[in-house]
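Protein chains in written order, with the working numbering: chain A, 14 to 288; chain B, 14 to 288; chain C, 1137 to 1387; chain D, 1137 to 1387.
Beta carbons: idealized from backbone N, C-alpha and C, even for Gly.
Remember, predicted model here, so these are calculated numbers, not experimental data.
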Amino acid sequence: MIVSLDEGIRELVRDGDTVALEGFTHLIPVSAGHEIIRQGRRDLTLVRMTPDVVYDQLIGAGCARKLVFSWGGNPGVGSLHRFRDAIQNGWPVPLEIEEHSHAGMANRYVAGASGLPFAVMRGYTGTDLVSHTPNIATVECPFTGERLTAVPALNPDVTIIHAQRADRRGNVQMWGITGVQKEAVLAARRSLVTVEEIVDELEPLPGQVILPSRVVTAVAEVPGGARPSYAHGYYERDNGAYQAWDPISRDRDSFARWLETDVFGGAGAAREGGR
Amino acid sequence: MIVSLDEGIRELVRDGDTVALEGFTHLIPVSAGHEIIRQGRRDLTLVRMTPDVVYDQLIGAGCARKLVFSWGGNPGVGSLHRFRDAIQNGWPVPLEIEEHSHAGMANRYVAGASGLPFAVMRGYTGTDLVSHTPNIATVECPFTGERLTAVPALNPDVTIIHAQRADRRGNVQMWGITGVQKEAVLAARRSLVTVEEIVDELEPLPGQVILPSRVVTAVAEVPGGARPSYAHGYYERDNGAYQAWDPISRDRDSFARWLETDVFGGAGAAREGGR
Amino acid sequence: MSTVTDYTSDEIMTVTAAHALSGAMACFVGIGLPSTAANLARRTHAPDLWMIYESGTLGAKPGTLPLSIGDGVLAETADTVIPVPEVFNYWLQPGRIDVGFLGAAQIDRYANINTTVIGDYGDPKVRLPGAGGAPEIAASCREVIVIVRQSRRTFVESVDFVTSVGHGKGGTDRADLGLRGAGPSRVITDLGVLEPDPVTRELTLVQIHPGVSVDDARAATGWDLAVSPDLGRTPEPTAEELAVLRALTGK
Amino acid sequence: MSTVTDYTSDEIMTVTAAHALSGAMACFVGIGLPSTAANLARRTHAPDLWMIYESGTLGAKPGTLPLSIGDGVLAETADTVIPVPEVFNYWLQPGRIDVGFLGAAQIDRYANINTTVIGDYGDPKVRLPGAGGAPEIAASCREVIVIVRQSRRTFVESVDFVTSVGHGKGGTDRADLGLRGAGPSRVITDLGVLEPDPVTRELTLVQIHPGVSVDDARAATGWDLAVSPDLGRTPEPTAEELAVLRALTGK
Chain A
14 MIVSLDEGIR ELVRDGDTVA LEGFTHLIPV SAGHEIIRQG RRDLTLVRMT
64 PDVVYDQLIG AGCARKLVFS WGGNPGVGSL HRFRDAIQNG WPVPLEIEEH
114 SHAGMANRYV AGASGLPFAV MRGYTGTDLV SHTPNIATVE CPFTGERLTA
164 VPALNPDVTI IHAQRADRRG NVQMWGITGV QKEAVLAARR SLVTVEEIVD
214 ELEPLPGQVI LPSRVVTAVA EVPGGARPSY AHGYYERDNG AYQAWDPISR
264 DRDSFARWLE TDVFGGAGAA REGGR
Chain B
14 MIVSLDEGIR ELVRDGDTVA LEGFTHLIPV SAGHEIIRQG RRDLTLVRMT
64 PDVVYDQLIG AGCARKLVFS WGGNPGVGSL HRFRDAIQNG WPVPLEIEEH
114 SHAGMANRYV AGASGLPFAV MRGYTGTDLV SHTPNIATVE CPFTGERLTA
164 VPALNPDVTI IHAQRADRRG NVQMWGITGV QKEAVLAARR SLVTVEEIVD
214 ELEPLPGQVI LPSRVVTAVA EVPGGARPSY AHGYYERDNG AYQAWDPISR
264 DRDSFARWLE TDVFGGAGAA REGGR
Chain C
1137 MSTVTDYTSD EIMTVTAAHA LSGAMACFVG IGLPSTAANL ARRTHAPDLW
1187 MIYESGTLGA KPGTLPLSIG DGVLAETADT VIPVPEVFNY WLQPGRIDVG
1237 FLGAAQIDRY ANINTTVIGD YGDPKVRLPG AGGAPEIAAS CREVIVIVRQ
1287 SRRTFVESVD FVTSVGHGKG GTDRADLGLR GAGPSRVITD LGVLEPDPVT
1337 RELTLVQIHP GVSVDDARAA TGWDLAVSPD LGRTPEPTAE ELAVLRALTG
1387 K
Chain D
1137 MSTVTDYTSD EIMTVTAAHA LSGAMACFVG IGLPSTAANL ARRTHAPDLW
1187 MIYESGTLGA KPGTLPLSIG DGVLAETADT VIPVPEVFNY WLQPGRIDVG
1237 FLGAAQIDRY ANINTTVIGD YGDPKVRLPG AGGAPEIAAS CREVIVIVRQ
1287 SRRTFVESVD FVTSVGHGKG GTDRADLGLR GAGPSRVITD LGVLEPDPVT
1337 RELTLVQIHP GVSVDDARAA TGWDLAVSPD LGRTPEPTAE ELAVLRALTG
1387 K
């Protein structure tokens, strides 16, 4: 239940898996993403509503075969250059994409969490997403005859999130903006939660979301594990790091140097609880 | 926005309306139900997952033409005798029923809150509810071909709930067991919330559900408005009152006397903020 | 552990039902006998039992027996309280619950359950509370345990209304309907324990309580009751179990 | 109120967009120009403006301009924070939002918006971030306001990818698709304001900013731009508006 980060990734993430590292600006599981890079996972189908810098890094490091997403960018800064390089030039490996809207992705997780094969929504109608994304369909209301949009459930092999706290039994507590993380964990076959700290008792807090331990496969204590994003109540977003990512990621060589020093270098791994 | 209880019922509940007074053991809007009786509303379609004593009272008083529900009883005590008398003997007026499961009703509210005409679920399969309740249908997953159950959205004309607090702008705060109340309010065309107290500022609390004022039509301050059910943080459930209801409700005459003294009598109305 | 012989038939039924729960099972609990049995189990041999009530309390650890599924003590002691739609959609429907505990007003030989109406639906002899969470608990929990007092009024050849599907018309009927949980695995009564036959799914008496005869059970059953050749005898409740149970119920 | 003439074209665009918001409107806000304009409006003439960010913060009242849709200041100042699925299912989809604010990488004469890709989808010239919340914001808000800098690269005859539907192919096309919101009611640029023709739904220049000519607007539009016979002139921003705006943006 309580594991080290490298053990958690080794046990739960396998080559070829569909993996969702979710987070909505807040609580992004960055250290877990770096550990996936360090362990050299390949052929992953990465899933996330808002792939940002850590997904750019995973893609640039060659971990991903496919990306399922609804908005990919460096929030407040601009584009993801490793992502662009992968889909425009196939570097370092070709990247297949499957593209949705936020509403569609959120509903796909909800369906996955609910044990249903699909979700019904109003969306996508008239957009070019319909012709470019195969798994958008229509369904007719059996009562009104109205035609609505259907999207298939998302059930990742493993969902990874970062939260503020867990107790020793593996119950997880997060608060602030909690995005789609609950649904992403409930929809997954396995789940890994990195946390700022493991405590004896979870003190109830306004706005908290609790994930009972029985839907959490493993918890790893990784203080700072969401940096450079933020952890409400623990540390602020490092906006400078997001800006600094832009020049690093524009160039393959500077990206390679960054990988070498910040991910594979001893300091980075030690800081993040990886090998 | 802030109204008296009698004004709220007069303005928001009309003869023939579909009305949901929701609550799940906790926070049942009993005083609002009594005010509906006092104002003599007729031909209501009453909706609730768990109709209990206050629905027995509304039915016995002749307010309802139809009941849409999933479990009707006096929790921990037994049957609802006014409800039984209405459907078995048509007294005081015939009562049509439409019967669902909890899962079905909850999903109907969710669809209503979501602006969808129906919800998809796994449920009802193989039960006799399917042949006795007309609005249960099947829908086929456009991706897997699997057949699932569909239920139509519930969109009450008015939903009435009881909550612990509201602020002066009409934002509502409740906590403890909050049941299906959020969805019932979001699904309704109009809504009335009775509260224990109106405060200047809503202090954030663990487990709170906030209903922003823009989805609340009116708020009435009715301290004790959930009695004999309970309001977490304010008062306990009066289990004796539920037990006392059983003999009162078994007999039409004793029920009529109860109506006269406890609902129409000056003391009851004054206590409950009614006319 | 000392055993005692001075107990009621409801008490041995409840103790036997509590024995069906173990470890850290997730148990969907209804009020009445199921709640009493689950709380007894949690206080005796199954301290990690994880109880979920349909009001939205996950992992409730009530210090006293709740009188309703929405008592404040459930919210105060729960790991978390969730909205009712999530109980059904995020927890029950995906098959996360190990055991569902159900009662019955009528039950038939394939463990189909009626809690809706006695007599004709349109012109009922007795109107009962209705379905509540039962149809989907019966459908989606990994297994279902039924607790019900045994009599010819309750154990009927054919239920007047199928509120919750047990094993349908027997055999593979349940799976053919697409239901994903295994359905009723045990029916625990004040006389003994019945289990579905592995093939036909017909309820079979597999165990009787002390002092009860097979003829007693047959006399309380509205169909020709099948009896296991390996009929067992329920062990007496222990003094500790009875003490804890009586402290819970206040009897 | 004194007016000033020393401002940038982005500033008058933002002030003009802020003017489009009033009262206690519910406004679905994206990061960048929309968020700046909405926060400016809330700090000037529309203090009751109710802002919803797609991260789940309802009624956010940030003291500083958030850098992302998920900044902590949004959660701290919100009336409530809800899960992302509820943002889309309980708030946007049922039509509870008055105004959606969208940007664009390309926009066509019927206000259809592209934020997905420049060039061919399978072999893109420039890969953009993608849809995010925009398709459903464009579909379900009661009206949509687009804020975008005007140039021939952006204002194109035909968008390379319809990420969000404006008025489709014009006329009643939008309603025929079953979309329930009214769609883009205004496109606010650094040169002026365009509105759809009431019948054809073709974007028509209805207002130009001080110092901008109709020829400037035509030169920045990739189709033969329709111009209203009642062409208006945007008022100069007030000194107070500019002061508040510059305090917000730190410029």
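Taking the alpha helix (DSSP H) that residue i belongs to, which residues open and close that run?
i: B/W258; result: N252 to R263
i: D/D1309; result: D1309 to D1312
i: D/S1145; result: S1145 to H1155
Any idea if residue i is buried or exposed, counting beta-carbon neighbours within 10 angstroms, 16 or more meaning buried?
i: A/H115; result: buried
i: A/P169; result: buried
i: D/G1317; result: buried
i: C/P1334; result: exposed
i: C/T1141; result: exposed
i: A/G91; result: exposed
i: A/R303; result: Residue 303 of chain A is absent from the structure shown; chain A starts at 14 and stops at 288.
If the cut is a Cβ gap below 7 Å, which residues of chain D does residue i touch?
i: A/Y137; result: P1271
i: A/A119; result: V1220, P1221 and F1224
i: B/S127; result: N1225, Y1226, Q1229 and P1230
Using a C-beta to C-beta distance shorter than 7 Å, which residues of chain A count as neighbours of residue i?
i: B/L215; result: None at all; the shortest Cβ gap to chain A is about 10 Å.
i: D/I1283; result: Going along chain A, no residue has its Cβ under 7 Å from D/I1283, so there is no contact; the nearest lies around 16 Å.
i: C/W1359; result: Here the premise fails: no neighbours, minimum Cβ distance about 35 Å.
Taking the beta strand (DSSP E) that residue i belongs to, which residues open and close that run?
i: A/M134; result: F131 to M134
i: A/K195; result: Note, A/K195: premise wrong, no beta strand (DSSP E); alpha helix (DSSP H) at Q194 to A200.
i: A/E210; result: R203 to V212
i: B/H175; result: V171 to D180
i: D/P1271; result: From DSSP, D/P1271 is part of no beta strand (DSSP E) but of the alpha helix (DSSP H) over A1270 to S1276.
i: A/R51; result: Counting along the chain, A/R51 falls outside any beta strand (DSSP E), though it belongs to the alpha helix (DSSP H) covering V43 to R51.
i: A/I72; result: Here A/I72 belongs to no beta strand (DSSP E); instead the alpha helix (DSSP H) covers V66 to G73.
i: B/T5; result: Residue 5 of chain B cannot be examined here, being either before or after the span of chain B that is shown, 14 to 288.
i: B/V60; result: L57 to R61
Nearest-angstrom Cα distance between residue i and residue j?
i: A/I41; j: D/L1238; result: 25 Å
i: B/V126; j: B/N148; result: In the sequence on display, residue 126 of chain B carries Ala and not Val. Answer to the nearest angstrom: the Cα atoms are 18 Å apart.
i: B/I211; j: B/A233; result: 9 Å
i: C/M1137; j: C/E1376; result: Confidence in C/M1137 is poor, its pLDDT being 47 and thus under 50, which makes the residue's placement too unreliable to answer from.
i: C/A1247; j: C/T1299; result: 11 Å
i: A/L59; j: A/D180; result: 28 Å
i: B/A101; j: C/R1263; result: First, the amino acid is wrong: residue 101 of chain B is Gln here, not Ala. If I take the Cα positions, the gap works out to 8 Å.
i: B/D30; j: B/V171; result: 8 Å
i: C/E1212; j: B/G220; result: 10 Å
i: A/D28; j: D/G1302; result: 42 Å
i: D/V1292; j: D/D1256; result: 15 Å
i: B/C76; j: B/V185; result: 28 Å
i: B/G253; j: C/I1167; result: 18 Å
i: D/V1350; j: A/E273; result: 55 Å
i: C/S1145; j: C/T1325; result: 9 Å
i: A/D264; j: A/A200; result: 36 Å
Starting from the beta carbon of residue i, find every residue of chain B whose beta carbon is closer than 7 Å, and list them in chain order.
i: A/P219; result: P217, L218, P219 and Q221
Quick one: which chain C residues come within Cβ less than 8 Å of residue i?
i: B/V193; result: P1219, V1220 and P1221
Name, please, each residue of chain B whose Cβ falls closer than 8 Å to the Cβ of residue i.
i: D/A1162; result: R227
In chain D, which residues lie with their C-beta within 9 Å of the C-beta of residue i?
i: B/N184; result: G1195, D1215 and T1216
Does the Cβ of residue i lie closer than 7 Å to at least one heavy atom of the ligand FMN?
i: C/A1154; result: The ligand FMN is not part of the structure shown, which contains no ligands of any sort.
Against residue i, what residues of chain C qualify as contacts under a CB-to-CB distance less than 9 Å, listed in chain order?
i: B/E196; result: P1219, V1220 and P1221
* Kindly provide the ranges of any beta strand (DSSP E) runs that are 3 or more residues long and lie completely inside the segment 1171-1222 of chain C, ordered along the chain. => Fully enclosed beta strand (DSSP E) runs of 3 or longer: 1186-1189 and 1193-1196.
* Asked: What are the start and end residues of each continuous beta strand (DSSP E) run of 3 or more residues lying completely inside the segment 99-138 of chain B, in chain order?
  -> Complete beta strand (DSSP E) runs here, min 3: 109-112 and 131-134.
* Go through the segment 1291-1335 of chain C residue by residue and report every complete run of the alpha helix (DSSP H) that reaches 4 residues or more, in order. => Runs of the alpha helix (DSSP H) inside the segment 1291-1335 of chain C: 1309-1312.
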